[in-house]
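Convert by adding 1 to the 1-based position in the sequence shown; the result is the number in the numbering used here.
Cβ atoms here follow ideal geometry from the backbone N, Cα and C, with glycine treated the same way.
Everything below concerns the one structure shown next.
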Amino acid sequence: MNELHKATVGFSESNKIGVGSYDSMYKGILDQDGIVITVTVFNLLRRGASMSFMSECKALRKIFHRNLVKVLSACCSLDF
2 MNELHKATVG
12 FSESNKIGVG
22 SYDSMYKGIL
32 DQDGIVITVT
42 VFNLLRRGAS
52 MSFMSECKAL
62 RKIFHRNLVK
72 VLSACCSLDF
């Protein structure tokens, strides 16, 4: 989790690239190899966010498009 926090500069507003009903998306750069990533942070305190998270994970696993990157990992935590 520290790596994601660092990559997004503490989930700063300047790295926020989108907001949804249950989530916010942030651009980040991994220190190790400079790979640009997108991190979606769901507000799990909002009713329905957990189900939205699971639905998005299922959908993204099945989508293949030249403008979308492969989902590398997903995790759930109340730490953010």
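Cα-Cα separation between residue i and residue j, rounded to whole angstroms
i      : j      : result
Phe-12 : Met-55 : 22 Å
Asp-34 : Ala-8  : 11 Å
Asn-3  : Val-10 : 10 Å
Assumed close pair residue i, residue j - CB separation to whole angstroms, cut-off 8 Å
i      : j      : result
Gly-29 : Asn-16 : 7 Å
Ile-18 : Tyr-27 : 7 Å
Tyr-23 : Arg-47 : 5 Å
Check whether residue i and residue j have beta carbons under 8 Å apart
i      : j      : result
Val-40 : Leu-5  : yes
Ser-53 : Val-42 : no
Beta strand (DSSP E) segments (min. 3 residues) lying fully within the region 4–60: For the beta strand (DSSP E) assignment, the uninterrupted runs of no fewer than 3 residues enclosed by the region 4–60 are, from N- to C-terminal side, 17–20, 24–30, 37–43.
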